[in-house]
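Engineer: Take this structure first; my questions come after.
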Amino acid sequence: MEEKLAKYITEGSKVDIKRNGSIRKTQIKIYHSQLHSILSEDKIEITMPMEQNKIVMLLTGVEYDLSFYSYNGVYHCRAKVVGRGKRDNKFLLQMELTTDLHKDQRREFYRFNCALEMKFRVLSEEEVKTFEDSDFLDDPVIEDKPMKRGIIVDISGGGLRFAADHTIKEGSTILCRYKLEPGDAAKEYEVLGKILGSKPSQNREDIFEHRVQFVNIYDEAREEIIRFIFETERKIRRKIN
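Position one of the sequence shown corresponds to residue 261 (our numbering), numbered consecutively onward.
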């Protein structure tokens, strides 16, 4: 891509980092970072990723797959670590892009930062089977059981990340309930989600963040979530401009 990087990705954009290629007998991890600065057309600085409140030291000279989540979509490229440093009280990695940016056309994976209230509860194996075959909104069992509160911190057509005051076992299935405004009126959604990971928040030790992948979500609901995301971001850009 010959055009300037800043046209596609901006400082502050979220970045996912994955080791390039497959690693036998080892689970491939995705680390979360943030674009700190664009140094040139093929060099950037990103914040060092954290895991369990510890800095993850990515290997110098090793190539990684990067995914950038910007206002106008998701972009991918490969880059290698060429340096480390600290500035503005942040530990930084210098990355050299080894491929051009290319846009991901799968809109459902674009994550939108937010702060939305939600309710949830962990389901038993029996409930999972029952709810997968039912109309959630009309099922009285849901209303009879208490739900806990959480805050959605980002959402996409494929899942969400939320914060709560306790940890949840990885692999658990939860029922999520939240409201969005994909059009002119608010609408309540109830979907199943699988917990992909749970870890303490970087800001508060008594709060845990949970990554959730939607399970068997209706296409209509997925499209409404995507529409909510892009309509909301257009409103934000109009206010900024």
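Every residue, glycine too, gets a C-beta built ideally from N, C-alpha and C.
Are G410 and E377 closer than 9 Å when you measure CB to CB?
Structural biologist: A contact, by the Cβ cut-off of 9 Å.
Engineer: Can you look up D479 in the DSSP assignment and give me helix, strand or coil?
Structural biologist: Helix, per DSSP.
Engineer: Using C-beta distances below 8 Å, list every residue in its chain close to E323, excluding the 5 sequence neighbours before and after it, in chain order.
Structural biologist: Closer than 8 Å at Cβ, skipping near neighbours: N280, R338, A339, K340, T358.
Engineer: For the region 419–465, which segments carrying the beta strand (DSSP E) assignment without a break, of at least 3 residues, lie completely within its bounds, in sequence order?
Structural biologist: Qualifying beta strand (DSSP E) stretches, in chain order: 419–424, 433–440, 447–460.
Engineer: Let me make sure I understand the geometry here. Which of E311, G321, S330 has the alpha-carbon closest to that of L295?
Structural biologist: Measuring from the Cα of L295, the nearest candidate turns out to be S330.
Engineer: In the DSSP assignment, find the beta strand (DSSP E) that holds K340 and state where it starts and stops.
Structural biologist: Residues 333–347.
Engineer: Cβ of I412 within 9 Å of Cβ of V382?
Structural biologist: Contact: no.
Engineer: Distance check for Y268 and P406, CA to CA, integer angstroms please.
Structural biologist: Each residue's Cα considered, the two are about 44 Å apart.
Engineer: When you compare only the Cα positions, how much space is there between E386 and S432?
Structural biologist: Cα-Cα distance, rounded: 13 Å.
Engineer: Going by CA-CA distance only, name the one from L440, N476, E450 that's closest to T492.
Structural biologist: Per the Cα distances, L440.
Engineer: If you draw a straight line from the alpha carbon of V363 to that of R344, how long is it in whole angstroms?
Structural biologist: Before going further, note that residue 363 is Lys rather than Val in the sequence given. If I take the Cα positions, the gap works out to 27 Å.
Engineer: Closer than 9 Å, CB to CB, is I467 near chain D or not?
Structural biologist: In the structure shown, chain D cannot be found, because there is only a single protein chain.
Engineer: Can you tell me whether R464 is buried or exposed, with buried defined as 16 or more other CB within 10 angstroms of its CB?
Structural biologist: Classification of R464: exposed, given that the 10 Å Cβ count is below 16.
Engineer: Apply the 10 Å Cβ neighbour rule to E469 and answer buried if 16 or more other Cβ atoms are within range, or exposed otherwise.
Structural biologist: Buried, by the Cβ-count rule.
Engineer: Please go through the same chain and pick out, in chain order, the residues whose beta-carbon is closer than 8 Å to the beta-carbon of L397, but skip the five residues on each side of it.
Structural biologist: Confidence at L397 is low in this model, with a pLDDT of 45, below 50, so the placement of that residue should be treated as unreliable; the coordinate-derived value is given next. Taken in chain order, the residues that qualify are E448, E450.
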